[in-house]
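As structure tokens, the structure follows; a few thoughts come after it.
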Amino acid sequence: MSSTPSTSSQALVGAGVLVVGAVMAFGATAIPSDAGYAGVGPNALPWLVSVVLMLCGGWLVWEARRGGFRELEAPSGAASGDWRAVAWVVAGVIANASLITTLGFILACGLCFALAVRGLRIGEGKAGGSAKRGLIDLLTGIAIAAPVFWLFTKLLAINLPGLTASGWL
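According to my numbering, the residues represented by the sequence shown are 8 to 176, in order.
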């Protein structure tokens, strides 16, 4: 059994990217094109992303049909997925989605970061980490989420769920 994907599976990935781009383009047709700031409407970015996806998908299919990705390195890691690692990452995403309105954006994203990092460590074959490591991961996630929250709420005036009514947490 070969360790590199076949050209047909590579072409299938490219076709999948093409389909995702086409679906995004179809969705972009439903967004109004009224020009906003600097003449750019709200549908500009979805159109840009869909066009770039379709270009990349076409390129992937073209490469696969011309012999595949010839310089492709053999995949690293285990032969099968680590379901414990996936469970930690999924738990982080679910915790974020279910707690964001209760804990606020910053704390929910910090918790998501800490759980996902634990899962990624386990996926690498390392120990998940001690309570101290978990606290450091949580604080790191909060340190990443706080500036993002403030950028969106204070600078861009986009409402994100906060912990307090002051708008700073």
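We treat Cβ as the ideally placed atom computed from N, Cα and C, and that holds for glycine.
Nothing here was measured: the structure is a model prediction, and the numbers come from that model.
On the premise that residue j lies in contact with residue i, defined as a C-beta separation below 8 Å, what is that separation, rounded to the nearest angstrom?
i: A81; j: A18; result: A81 to A18, Cβ: 20 Å. No contact.
i: L118; j: A134; result: Between A134 and L118 the Cβ distance is about 20 Å, and since that is not below 8 Å, they are no contact.
i: G132; j: R125; result: Actually they do not touch by this definition, with Cβ atoms about 13 Å apart.
i: I129; j: A92; result: 4 Å
i: G64; j: G28; result: 6 Å
i: V96; j: L127; result: 7 Å
Keeping to the same chain, check which residues put their C-beta closer than 6 Å to that of residue i; ignore five residues upstream and five downstream.
i: A98; result: L122
i: G75; result: T14, Q17
Excluding the five sequence neighbours on either side, which residues of its own chain have a C-beta within less than 7 Å of the C-beta of residue i, listed in chain order?
i: S31; result: The amino acid at residue 31 is misidentified as Ser; the sequence shows Met. Around M31: P53, V56, S57, L60.
Out of the options, which one is the CA nearest neighbour of residue i?
i: I115; options: G75, F156, V20, R91; result: Position check: residue 115 holds Ala in this sequence, whereas Ile was assumed. For A115, the nearest C-alpha among the options comes from F156.
i: W69; options: F33, L25, F112; result: L25
i: I165; options: F112, G141, L145; result: F112
i: L67; options: I38, L158, G21; result: G21
DSSP on residue i, reduced to helix/strand/coil?
i: N50; result: coil
i: E70; result: helix
i: R77; result: coil
i: K161; result: helix
i: L145; result: helix
i: S16; result: helix
i: S57; result: helix
i: N166; result: coil
i: I38; result: coil
i: K133; result: coil
i: A86; result: coil
i: G99; result: helix
Given residue i, which residues of its chain have a CB within under 8 Å of its CB, disregarding the five upstream and five downstream residues?
i: T160; result: N166, L167, G169, G174
i: G141; result: A121, R125
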